[in-house]
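Chains as they are written, first to last, in the working numbering: chain F, 246 to 462; chain D, 246 to 462.
2 protein chains.
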Amino acid sequence: MAMSKVKTKKLCSDHRTQVGVQRRKKTEALIIRAALNVFAEKGRDGAVIDDVLVAADISRGTFYNYFDSVEQLLERTSRWMVEDLIANFIEPLLIMQVDPAERLCTGLRLFFQRAEADREWCRFIGRIWTIGPLDAPSKDIRRGMRLKIFTVPSFDAALTMQRGTIREALLRIATGDIPKRYSDQITEVIMQGLGVGKLRIAEIMSKPLPVIKQRAR
Amino acid sequence: MAMSKVKTKKLCSDHRTQVGVQRRKKTEALIIRAALNVFAEKGRDGAVIDDVLVAADISRGTFYNYFDSVEQLLERTSRWMVEDLIANFIEPLLIMQVDPAERLCTGLRLFFQRAEADREWCRFIGRIWTIGPLDAPSKDIRRGMRLKIFTVPSFDAALTMQRGTIREALLRIATGDIPKRYSDQITEVIMQGLGVGKLRIAEIMSKPLPVIKQRAR
């Protein structure tokens, strides 16, 4: 309670942040959206905090009510970008698939398709995205392990291999210097790391990829 | 020739760096060594360029004769640390092993043994080490592919998986929050990703690990 009072007091110091949790979430989203626009305009490496303040039309004080540091803003923004891609573009295309190997394989291919279309996105996500595991792919790995479709030493090792390989691949794709079929090969090597046999991998990979629809804005 | 003259002229601007390539290499090593000492004292995150200048007893101008930026110093230092570990601690213990799977597996276990003993080292290498592939492990992967011991979609995919998984594991080890047998599981999942069968992996993992000797200083 004492904590809450202190927090409230702090929030009251800025007129934009008086009306509770919902409003707070909205402003946080506003800042992240502003950051995304700044990144789109100035490139993600060149953006500085002042650009974000101008774009979101907030004071420095307000910013630090929501984020501890610019680094934290970058982390949350990169997480938002990945979650948005998975929730709004990839998951809708996977609803008909139940097999965890097929879901993960198709999900990875769609993810890399998006990645290859935007090198700057790759560099940003590859460098910044350091936060915990993502819901959907983790669930697939766990289900696959339960069904013995994935045979791995542990969930933690599987997740480390999957995330690490994805990140390293994004950094490589960001250079623009990738061999033919690189993304598909990365998907294959991840599936192999999860213990899926070569024939099964080839079978899944031979299926046509669902098409990502452009979102109406 | 013209290039060489320009370079020489630049070097002459500082009295410490007049005597050619050998001297240049020596000074570069001196700066990296100084950086290592500063990191050891102040922690790798807290170190700033001025600490390195004092420790190496060089001017800012000299520093920038050798490195474009602090980031470059960090990259080269982290690369030096990994290469030193491989060349002086791991490789000497692998000279009796010829099988690429055994060499890579044992090398990885020794690497992670070192990593687990120093979380700060893990964080530093995990975050900074972004430069190209390392000689020894790349050779093992290529040889393993030629001998069909490793069956992977491509060398590039194999290297991405191996490097990415190692880096992600280092970042995890750096948190201090790792499950039991985590490093061994990471080694196993990398071997599986390279296409080595579970029985063969278990066989190699069951062999006792050679002991890293402390280097006399």
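Heads up, the beta-carbon is just placed ideally off N, CA and C, and yes, glycines get one too.
Residues in its own chain within less than 6 angstroms of residue i by CB, not counting five upstream and five downstream?
i: residue 406(D); result: 438
i: residue 442(F); result: none
i: residue 354(F); result: 432, 454
i: residue 331(F); result: 381
i: residue 294(F); result: 315
i: residue 329(D); result: none
i: residue 410(D); result: 435
Closer than 7 angstroms by C-beta to residue i: which residues in its own chain qualify, once you throw out the five before and the five after it? Chain order, please.
i: residue 271(D); result: none
i: residue 336(D); result: 381
i: residue 360(F); result: 366, 367, 415, 418
i: residue 339(D); result: 348, 351, 352
i: residue 467(F); result: The question about residue 467(F) has no answer, for chain F in this structure spans 246 to 462.
i: residue 341(D); result: none
i: residue 400(D); result: 386, 387, 390
i: residue 440(F); result: 395, 396, 397
i: residue 311(F); result: 272, 273, 276
Going by DSSP, what residue range makes up the alpha helix (DSSP H) through residue i?
i: residue 383(D); result: 380 to 391
i: residue 426(F); result: First-last for residue 426(F): undefined, no H or E at that position.
i: residue 337(D); result: 336 to 339
i: residue 468(F); result: The requested residue 468(F) does not occur in the structure, where chain F is confined to residues 246 to 462.
i: residue 313(F); result: No alpha helix (DSSP H) holds residue 313(F); DSSP gives it neither H nor E.
i: residue 369(F); result: 364 to 373
i: residue 345(D); result: 345 to 361
i: residue 333(F); result: Per DSSP, residue 333(F) belongs to no alpha helix (DSSP H) and is neither H nor E.
i: residue 446(D); result: 443 to 450
i: residue 281(D); result: 265 to 287
What does the Cβ neighbour count give for residue i, buried or exposed, with the cut at 16 atoms within 10 Å?
i: residue 326(F); result: buried
i: residue 247(F); result: Note that residue 247(F) has pLDDT 48, beneath the 50 cutoff, so the model's placement of it is unreliable and the number below is only indicative. Burial call: exposed.
i: residue 303(F); result: buried
i: residue 430(F); result: buried
i: residue 283(D); result: buried
i: residue 420(D); result: exposed
i: residue 265(D); result: exposed
i: residue 398(D); result: buried
Residue i versus chain F: which residues are under 7 angstroms apart at the beta carbon?
i: residue 440(D); result: 437
i: residue 479(D); result: Lying before the first or after the last residue shown, residue 479(D) is absent from chain D, which here runs from 246 to 462.
i: residue 424(D); result: 399, 401
i: residue 417(D); result: 405
What residues from chain D crowd round residue i, counting only those whose CB sits closer than 7 angstroms?
i: residue 449(F); result: By Cβ distance, chain D contributes nothing, its closest Cβ being about 14 angstroms from residue 449(F), past 7 angstroms.
i: residue 397(F); result: 434
i: residue 410(F); result: 405, 406, 409, 410
i: residue 387(F); result: Within chain D, no residue comes near residue 387(F); the closest Cβ sits about 15 angstroms away, beyond 7 angstroms.
Starting from the beta carbon of residue i, find every residue of chain F whose beta carbon is closer than 8 angstroms, and list them in chain order.
i: residue 265(D); result: Residues of chain F passing the Cβ test: none, with the nearest at roughly 34 angstroms.
i: residue 365(D); result: Neighbours of residue 365(D) on chain F: none; closest Cβ ~17 angstroms, over 8 angstroms.
i: residue 359(D); result: By Cβ distance, chain F contributes nothing, its closest Cβ being about 18 angstroms from residue 359(D), past 8 angstroms.
Cα separation between residue i and residue j?
i: residue 357(D); j: residue 279(D); result: 25 angstroms
i: residue 412(D); j: residue 452(D); result: 25 angstroms
i: residue 286(D); j: residue 318(D); result: 17 angstroms
i: residue 372(F); j: residue 436(D); result: 26 angstroms
i: residue 385(D); j: residue 322(F); result: 39 angstroms
i: residue 370(F); j: residue 408(F); result: 12 angstroms
i: residue 345(D); j: residue 308(F); result: 53 angstroms
i: residue 449(F); j: residue 394(F); result: 13 angstroms
i: residue 432(D); j: residue 269(F); result: 44 angstroms
i: residue 388(D); j: residue 444(F); result: 24 angstroms
i: residue 274(F); j: residue 313(F); result: 15 angstroms
i: residue 462(F); j: residue 305(F); result: At residue 462(F), the pLDDT of 45 sits below 50, so the modelled position is not reliable; the number obtained from the coordinates is stated separately. When rounded, the distance between both Cα atoms is 29 angstroms.
i: residue 456(F); j: residue 334(F); result: 9 angstroms
i: residue 402(F); j: residue 447(F); result: 24 angstroms
i: residue 434(D); j: residue 298(F); result: 44 angstroms
i: residue 427(D); j: residue 296(F); result: 42 angstroms
i: residue 203(F); j: residue 277(F); result: Coverage of chain F is limited to positions 246 through 462, which leaves residue 203(F) absent and any answer about it impossible.
i: residue 423(F); j: residue 364(F); result: 11 angstroms
i: residue 392(D); j: residue 425(F); result: 23 angstroms
i: residue 383(F); j: residue 267(D); result: 52 angstroms
i: residue 362(F); j: residue 362(D); result: 41 angstroms
Residue i versus chain D: which residues are under 9 angstroms apart at the beta carbon?
i: residue 315(F); result: Here the premise fails: no neighbours, minimum Cβ distance about 16 angstroms.
i: residue 445(F); result: Result: empty, since nearest Cβ-Cβ is about 14 angstroms, beyond 9 angstroms.
i: residue 311(F); result: Those within 9 angstroms of residue 311(F) in chain D number zero; the least Cβ separation is about 24 angstroms.
With hydrogens ignored, establish whether the beta-carbon of residue i is closer than 8 angstroms to any heavy atom of the ligand MG.
i: residue 312(F); result: The ligand MG is not part of this structure, which contains no ligands at all.
So residue i contacts chain F; which residues on that side make the cut at Cβ distance below 9 angstroms?
i: residue 414(D); result: 402, 405, 406, 409
i: residue 368(D); result: Within chain F, no residue comes near residue 368(D); the closest Cβ sits about 11 angstroms away, beyond 9 angstroms.
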